[in-house]
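To keep things clear, I will list the structure first and then write my remarks on it.
Residue numbers (our numbering): 1170 to 2286.
See the structure below:
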C-alpha cells in the first residue's frame, strides 16, 4: 500500500530524520531502474514492475529513448527496527528520504549541477562491466566540490554472471580492481585539495611577521573516511534489473550466529583477503595452512557462491532440486505459483526479493552513512557561504541559523531551477492529490470509464458514416476545442533555515544580488502554493520547515532559472550566484511555420529559457530568435517542448550555428619595410598609433581558463569606482557591448589577487617590456583572452591598481577602448571573436594648431577608426581559425573498432588514446572531433555498430586549425607536391567561406529578390488576366525564395504577416512595392552611405537603419 502523505509531512518537522540524496551516474548505468526498486518499497509501483516501468522518466521521449533527460524528485518513507542500549525489544525509527534522480547524459549535466546543490548525500551508480566512464568522473567531482558524502552502488552485477560468465573468484578480483580505480579518482581530488591547502598555508606564513609557534604548523586534512570500502558499509553490490543488492553489513548479520563471531569483526573480514579455517574456526589472513584445499576468500565463499548458485539453478542450468535446497537453506517462503512457473527468471526474482532486496540494502546504507541536514549543513554551509558575493555582509544570525538548520530562524531557501508545469496538473486541494482507494471511489471510476468507452464508440460510428462532402463542409467550420490551459512556474527549492509558509511575504534575490547593496536585485513575492514532490504527482502542504526539498508556485514572471528566498527583515546570502553549469554550445535560429504565430513562439522561448538551466535565448541584430543548447539531444528535447508545451505551434529551425574563434600567429618572415603589426589612425586632428602582437599559447590558455577570476576583478574595480562605463559613447547600430553579470564570477579575493602575480610571471616569460600595471583592458566583453596595453601615457584607466591620475587624460579614452572591444568581438577573418591578441597603444597625439578643433562627430568616428586600425594591424600576421571541439569517449567491442575509426576519420576527428578495459572485452577510445562535423555523429556510430558503441561528447574548448586560409604554394617543393593549381582542399578556407556565406545570405537574398521583382514588373507585354494569374501565386514563390528562417527578412521589409495567410494578391502587390523600396535604398547606399542619411522620402526612413546594417555586412565581406 502507498505510504499516507501524513506520515511524510510529520517527518518533515524533524531534520534528524531526513535524508536528501541524489542518484548520480554515467548514462545507461541504471539510475532510474534503481529508483524503481526504491519506489516499489513504498508501494508507489508494483514489485513486479520494478526495473521495468522507469517511473521517474515521466516524459514520453525519456521512455522511448531509455535515458533520463530531466531531474525528478520523490519523497520516500523508510522504517528501521533497531535495539537501543539496555533495551530488549527493538525500537522503530522512521526516516523521510527526499530522492532526486538526475540524468547521466552529458547534454543534461546542468541538471546534475542543480540537483547536487539541493542534496547532502549522493548515491553514485557504476556499471560493474563498463567501469569508470567520463560522466562517472564528472559526478564524483561534482560530489566532491559540493561536499556531498557519497555511497557507491556497483550495479548490473548480473552481467558478470550471464554476459562475461566469470567465476566467483574472477568476479571478486574484478570488483577489487574496479573499486581501486574509483578510489584513484577520488584520491586525485584529495591530492589537488591538499596541494591547494599547502600553497595557502605557505602564503600565510610568508605574509606573517611571526612565523614561530603553533600557528605556523601545517595541519594536513585526513582522508580516513574518504574512500569507498565495502567493510565500511559505503559500497552496495547489486542488480537493479533483477531487484537484488547487499552490503557487507547485511551478510555479517546473517552469518554472525552461524559462525559464532561478533558482527563488527565479521564485517571487517567479509571483504579482503581473509580466509576461514574450518578446523580452528578462525579467520586467517594467509592461507599457508590451508594448502591442498579449495582456498577462497570469505567474500567469495559466503556471498558470491550463493548468488552464483541461484543464477545457475534458475537461469543458466535449470535445476529444480538445487533451487529447493537453496530455498530451504536460506529459510525462504516462496509462493507455490513461483515454484511451479516455467520461467526460471520468475523464481529467481522471488528468491532475491525475499533474501536480499535491493531497496533495503540501499536505504540501510543511506541512513547509516549519509548525513541528515542538521549534520551536513554544519560542514557544507560555511563552504557555500564563502563562495557567495558579499558573504562578509551576511548577518551573523542568518548564517548561524543555516549552519544549525534552525526551523525557527530567519528564512533562507535556494531555488535551484524552475519547471514549467501545466496549470491543470497543479493540485489546489489536498484531496486532489491523495489516493482515495475507497469502494465508492472505485465505483465512481468504473462508471466514468464506461461513459468514456460509450462516447468513444459513438464517435467512431459517426466518423464511419461521414461522407466526403461532410468533411469538406466541416473543414471550413469551427475547429475543435484545444487545450487552453497555461504553463505555470514551479520552483525546485531547498529550505536551509526557517520555515516557508503559503501567503507569507518573502524577498526573492536574483543572481546579481549583493548583500552590500540590499536594495538592488530583489523583489517581494508571496508563494501561492507549497508541494511535496512525488515524481509525477504533487501533494499540497501548508509549510516547509528547514532541511526539506519542496516545490513552490507563485513565482510567475518574477524569477529566471534560479534565485534565493529570504526574510524581508534579514537579508540572507545570494545562493543563486554560485550556480555553475556548462555553457550551451549548439545554437539554432527558431521561427514558426505560420508567420502569424511569432508572439506564441516568443512566449514559448521565454518559458523554455526559464525552465531549463542550460538553455539561452536571445535575439540577433537581424531579428532571428536564437536558441542555444548543450547538444543535439538537448536541442531535440527543447524543440519538442517548444512545439508541444510552451508555444504549442509548429516551428522549424535553421542548421546549427557553430561558434568559432579567430587568432593570429607568426606566419614566417616579414618581407616589408614597415614594422609588422603597426597601424596609424587619423581622425581629423587626432592621431594614434597601435602595435599588434600575437600572445603566446600559454598566455591565451591562462586568460581563457580564468575568465571567472577576471570577471571578478573587473566587478571589484567597478564596485570601487576604478573603472567607469561611459553611457554616452556612440556605438554603431546593431553592435551592443555585453555587460558583466551574465556569466560566472569569482568572488574569492585571494584567487582574484593571485591573477596579477600569475600574469606578471607569464609576461616575464614572454620577455615583454611592459608589466601588468600597463594593462588597460581585456577583450572582448572586457574579460576575454586579449590584452590592451597603454604605452602612450594618455590612458588613465588600469585593470590592476588604482589608475593614473597624474597624466593628461585623453578625452577619447573611452572611444578608443570601445573600438578595441568591437575589434576583438568581430575579427577581420569572418566576424568571429578574437583570441590571443595583444594591442599596444604606442602614441596618442592631437594637433592643437588645427583651426576649429575636433568636430562633434569625432567621438563616434574614433570608435570605428580604432576598430579598423586594429584590424589593419592584425592583417599583417598570419590568420588562424580556432574550432570548437568535442572530446569523445567511446566504449566498443573489438569487432566494431574498424567501423568506429571509419566514422571518426570521416568526421575529421583525431583518435587520441585507445586502451582495453582489463577483465572485459571492451575498448575505450578517446578522440577529438570538431563540433561543426559532429552533428549526427552519435546516430551514425550507433547505426554502423548496430548499437554496440555509444559515444559521449563533452565540449573541450577551442582548438586551433593550424592551416592558413589564404595560403598558396610558392616554393618549388610546394608546387611539386600540390601542383600549380593547388587542387588539394584548403580545409581552413572552406570553413571560413561557409561562415561568410551564412552571415551574408540574408543580404544576397534581398538583392536577388529585388532583381527578380524588377523582372516581373517589366513583363508589361502580359495581359491583365495573365498578370493576375501570375501574381496570385507569386506570394508563395517569393516565400520559397526567402532564406530559412525568413521571418527577419519579412520584418526588415515591414510586411504584415497576416497578408500571406488570406490575402495573397494584396500581399503580392505590397511585397513588390516594398521590394523596390529596398532596392532603391541599396542603390543609394552603394553610391555613398551618406545618401541614406539625407534626402530620403519619409516613408523610407523607418527602414534606413536596417539597410545600413545589411549594407555594412555586404561591404565587409
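Beta carbons: idealized from backbone N, C-alpha and C, even for Gly. If you're wondering where the values come from, they're calculated on a predicted model, not measured in any experiment.
Residue environment, residue i, which counts as buried when at least 16 other CB atoms sit within 10 Å
i: residue 1991; result: buried
i: residue 1839; result: exposed
i: residue 1692; result: exposed
i: residue 1827; result: buried
i: residue 1426; result: exposed
i: residue 1778; result: buried
i: residue 1599; result: Model confidence at residue 1599 stands at a pLDDT of 47, short of 50, so the residue's coordinates are unreliable; what they give is reported in the following sentence. Its Cβ having fewer than 16 others within 10 Å, residue 1599 is exposed.
i: residue 1591; result: exposed
i: residue 1388; result: exposed
i: residue 1797; result: buried
i: residue 1154; result: Nothing in the structure corresponds to residue 1154, since the chain is present only between 1170 and 2286.
i: residue 1705; result: exposed
i: residue 2038; result: buried
i: residue 1207; result: buried
i: residue 1382; result: For residue 1382, the predicted structure reports a pLDDT of 46, less than 50, and the residue's modelled location is therefore unreliable. A value from the coordinates is still provided. Exposed, by the Cβ-count rule.
i: residue 1635; result: Because residue 1635 carries a pLDDT of 41, less than 50, the predicted location of this residue cannot be relied on, and the following value inherits that uncertainty. Counting Cβ neighbours within 10 Å, residue 1635 comes out exposed, since fewer than 16 surround it.
According to DSSP, residues forming a beta bridge with residue i
i: residue 1669; result: 1713
i: residue 2051; result: 1830, 2129
i: residue 1249; result: 1262
i: residue 1413; result: 1408, 1526
i: residue 1703; result: 1243, 1706
i: residue 1959; result: 2010
i: residue 1121; result: Because the chain here runs from 1170 to 2286, residue 1121 falls outside it and cannot be looked at.
i: residue 2124; result: 2055
i: residue 1423; result: Its beta-bridge partners do not exist; DSSP assigns none.
i: residue 1682; result: Looking at the DSSP assignment, residue 1682 forms no beta bridge with any residue, so it has no partner.
i: residue 2062; result: 2091
i: residue 1698; result: 1722
i: residue 1692; result: 1677
Cβ pair residue i, residue j closer than 8 Å
i: residue 1718; j: residue 1663; result: yes
i: residue 2293; j: residue 1985; result: Residue 2293 lies beyond the residue range present for the chain, which begins at 1170 and ends at 2286; the question has no answer from this structure.
i: residue 1574; j: residue 1745; result: no
i: residue 1473; j: residue 1340; result: yes
i: residue 1989; j: residue 2008; result: yes
i: residue 1958; j: residue 1968; result: no
i: residue 1316; j: residue 1548; result: yes
i: residue 1540; j: residue 1318; result: yes
i: residue 1954; j: residue 1869; result: yes
i: residue 1390; j: residue 1366; result: yes
i: residue 1404; j: residue 1323; result: yes
i: residue 1244; j: residue 1265; result: yes
i: residue 1450; j: residue 1400; result: no
i: residue 1666; j: residue 1552; result: no
i: residue 1195; j: residue 1305; result: yes
Residue closest to residue i, alpha-carbon to alpha-carbon, out of the options
i: residue 1259; options: 2129, 1251, 1785; result: 1251
i: residue 1201; options: 1227, 1182, 1215, 1177; result: 1227
i: residue 1819; options: 1771, 2102, 1539, 1831; result: 1771
i: residue 1678; options: 1670, 1688, 1671; result: 1688
i: residue 1292; options: 1277, 1298, 1313, 1810; result: 1313
i: residue 1408; options: 1191, 1530, 1725, 1285; result: 1530
i: residue 1428; options: 1699, 1172, 1452; result: 1452
i: residue 2091; options: 1299, 1933, 1781; result: 1299
Any non-hydrogen atom of the ligand GTP closer than 7 Å to residue i Cβ
i: residue 1776; result: Among the components of this structure there are no ligands whatsoever, and the ligand GTP is therefore not found.
For the region 1274 to 1362, list the beta strand (DSSP E) runs that are entirely contained and at least 3 residues long, ordered along the chain.
-> 1290 to 1296, 1318 to 1324
Would you mind listing the alpha helix (DSSP H) stretches within the region 1464 to 1499 that are 4+ residues and don't spill past its ends, in chain order?
-> 1474 to 1480, 1489 to 1498
Jot down the residue ranges of each uninterrupted beta strand (DSSP E) in the region 1783 to 1816, minimum 3 residues, whole runs only, in chain order.
-> 1785 to 1788, 1794 to 1798
Go through the region 1817 to 1879 residue by residue and report every complete run of the beta strand (DSSP E) that reaches 3 residues or more, in order.
-> 1820 to 1822, 1829 to 1834, 1847 to 1852, 1855 to 1863
In chain order, which alpha helix (DSSP H) runs of at least 4 residues are fully inside the region 1538 to 1575?
-> 1542 to 1555, 1565 to 1573
Whole alpha helix (DSSP H) runs in the region 1174 to 1243 with 4 or more residues, listed along the chain?
-> 1174 to 1180, 1200 to 1210, 1229 to 1234
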